[in-house]
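Heads up: the structure comes next, in structure tokens.
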Amino acid sequence: MKRNPYRILVVDDERDICRALEFLLSREGYAVETALSGEDALEKLKKTGYDLLLTDLRMEGMDGIELLERAKSLSPSIIVIIMTAYASIESAVEAMKKGASDYIVKPFLNEDVKLTIKRLLDHRSLQLENQALRQQLSQHFGCKDFIGESPQIKRIFETLERIIPTKSNILILGESGTGKGMIAEIIHRNSPRRDKPFMSINCSAIPENLLESELFGYRKGAFTGASTDKTGLISLADGGTLFLDEIGDMPIGLQSKLLKVIEVGEVFPLGDTKPKMVDIRIIAATNRNLEEMIEKKEFREDLYYRLNVIEIMLPPLRERREDIPLLVRHFIEICNRENNKNIKGVDDEAMKVLMDYQWYGNARELRNVIERAVVLCESEVITTKDLPGKIKKKEVFQGHNLRDELNYFERKLLLDRLSQHKWNKEETARELGIDLATLYRKMKRLDIETGRRGH
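Anchor point for the sequence shown: position 343 equals 707 in our numbering, and the numbering is continuous, going up by one each time.
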């Protein structure tokens, strides 16, 4: 008998069937356990990791469909095979729609059972090999937190492979919370400049005069209060990478000075008469539409093309929902370690809520929600009661009257404008043509978090 690394749980309320399958599969080298009820099986699933669940469809108490759903919530990757009589084939097909991999009709031939299980486990082995390759790629890039299996994320990794070795400047576009800063660090850590400095600054977080000092530096006596020399970030990044986050918020005057650094490769600290030559790669990021800003004369077109040699667009989480379960599991693992917890997963109802939510704060917001849920969860599985109220409120329009419809579209407009202005309430109110007090009243009425600050 050849030993097999896979663990199988057989569930049937007929003891003879359990014994027969245990004997059959054990001879194939599988590690087999049995359960005589769905409830017993669920307890085993909570304590042990199984690769495959072979369960009868019709059982007293918890039936095969419910066990399937509960098993998938605990271990989304588990393979589930449903055993059913001819009269229940329709139900078995329904089970496959809910996540079962296949079904076996009773009475079955031993060879059919063995072949079905082998086929599914061989496919799982191939999936694991592919996953290992993706993990190697992720580890190669050093991007443990930037994960996903959606086509969009795969294309981003493919793009990174091509652009990382180059010297070209890069513009990263995407909403807040999509991981722009993370991508910038990944590029630097894996580039030929990895042993040189990585300097970063958020252009929206610093007033114009201080931003210029931080970037270009100054000489003693250049202005009142300049009691010592200060080396700017551009000079500090010499040989390495300069990450300019929220480049769309850089004042137009500073844009001209930055353009000269890119074109000539020299920087003038404030109060200095001699330039310093620098060799830097610039990675810029923004959540704003720079092309619209160019039309409004708010951003220099020549700087835009100098920065946008290579463009990376990071999709919002709501456009790659298939990555949400993967991110949820990843964040649960992190939060378990950080909080000394042992949360095993998310139940189906809670996962549906997470999948349906719009995630305007993207992966950053999802992580915050999962951390809160892990801390508050009193069992081994996160349920909807562990999720904040705003997450459980549907973002899709479900109203049945004009007032509901107006509220829905007004809320969407406010969220879009707030996101555009990085949650700066004053700028948002100004664009909407309302005073700040009115904006706060609308946010409160439409259940939009008023305490959130820009970032």
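Using N, Cα and C, we set each Cβ at its ideal position, and we do this for glycine too.
Contacts around residue i, its chain only, beta-carbon distance under 8 Å, and the 5 residues preceding and following it disregarded
i    : result
T592 : K584
E572 : P615, G617 and L618
V642 : I598, S599, A601, D602, V625, G629, E630 and V631
R693 : P440 and G709
L388 : N474, V477 and K478
Secondary structure of residue i, DSSP reduced to three states
i    : result
Y370 : coil
I511 : coil
S564 : strand
T802 : helix
K408 : helix
L608 : strand
T530 : coil
G463 : coil
R422 : coil
T523 : helix
M677 : strand
V375 : strand
I598 : helix
A569 : coil
T867 : Nothing in the structure corresponds to residue 867, since the chain is present only between 365 and 819.
E702 : helix
L535 : strand
Y772 : helix
Y669 : helix
K621 : helix
G635 : coil
M657 : helix
V642 : coil
Whole-angstrom distance between residue j and residue i, CA atom to CA atom
i    : j    : result
N726 : G538 : 10 Å
D712 : L431 : 12 Å
V745 : R701 : 16 Å
W723 : I698 : 20 Å
A569 : R519 : 31 Å
E378 : T448 : 13 Å
C382 : N474 : 13 Å
L810 : H785 : 19 Å
K776 : I676 : 26 Å
Y467 : E729 : 39 Å
R652 : I550 : 22 Å
K708 : L438 : 6 Å
L606 : L671 : 12 Å
D420 : L678 : 44 Å
N706 : A405 : 20 Å
A456 : R483 : 19 Å
A801 : Q619 : 34 Å
N732 : A714 : 15 Å
K716 : L690 : 14 Å
E795 : L803 : 11 Å
S337 : M423 : Lying before the first or after the last residue shown, residue 337 is absent from the chain, which here runs from 365 to 819.
L479 : S489 : 15 Å
K410 : A384 : 25 Å
L654 : K638 : 33 Å
E433 : I647 : 45 Å
S532 : R645 : 7 Å
T530 : K560 : 15 Å
Per-residue burial, residue i [other beta carbons within 10 Å of its own, 16 or more giving buried]
i    : result
R805 : exposed
L681 : buried
V396 : buried
E790 : exposed
P471 : exposed
Y394 : buried
K826 : Because the chain is modelled from 365 through 819, residue 826 falls outside the range shown and cannot be assessed.
Y370 : buried
F587 : exposed
Nearest-angstrom Cβ-Cβ length linking residue i and residue j, presumed shorter than 8 Å
i    : j    : result
I442 : A464 : About 10 Å; that fails the 8 Å criterion.
K462 : I429 : 7 Å
V738 : N703 : 6 Å
I674 : I527 : 5 Å
E386 : V374 : 6 Å
I598 : L623 : Their Cβ separation, rounded to whole angstroms, is 13 Å, which puts I598 and L623 out of contact at 8 Å.
E630 : K640 : 6 Å
I547 : I536 : 6 Å
M563 : L524 : That pair is no contact at about 20 Å.
G402 : D427 : 7 Å
Residues near residue i by beta carbon distance below 6 Å, same chain, minus five either side
i    : result
Y582 : A590, K594, P633, L634 and G635
L416 : I372 and I443
Same chain, Cβ closer than 7 Å to residue i, five either side skipped, listed in chain order
i    : result
C567 : L575, L608, D609, E610, I611, D613 and M614
M657 : G612 and F663
G541 : G725, N726, A727, R728 and E729
R684 : G512, S514, Q516 and I517
D476 : I468
Residue i at chain C interface by Cβ criterion, 8 Å
i    : result
M719 : This model lacks chain C altogether, as it is built from one protein chain only.
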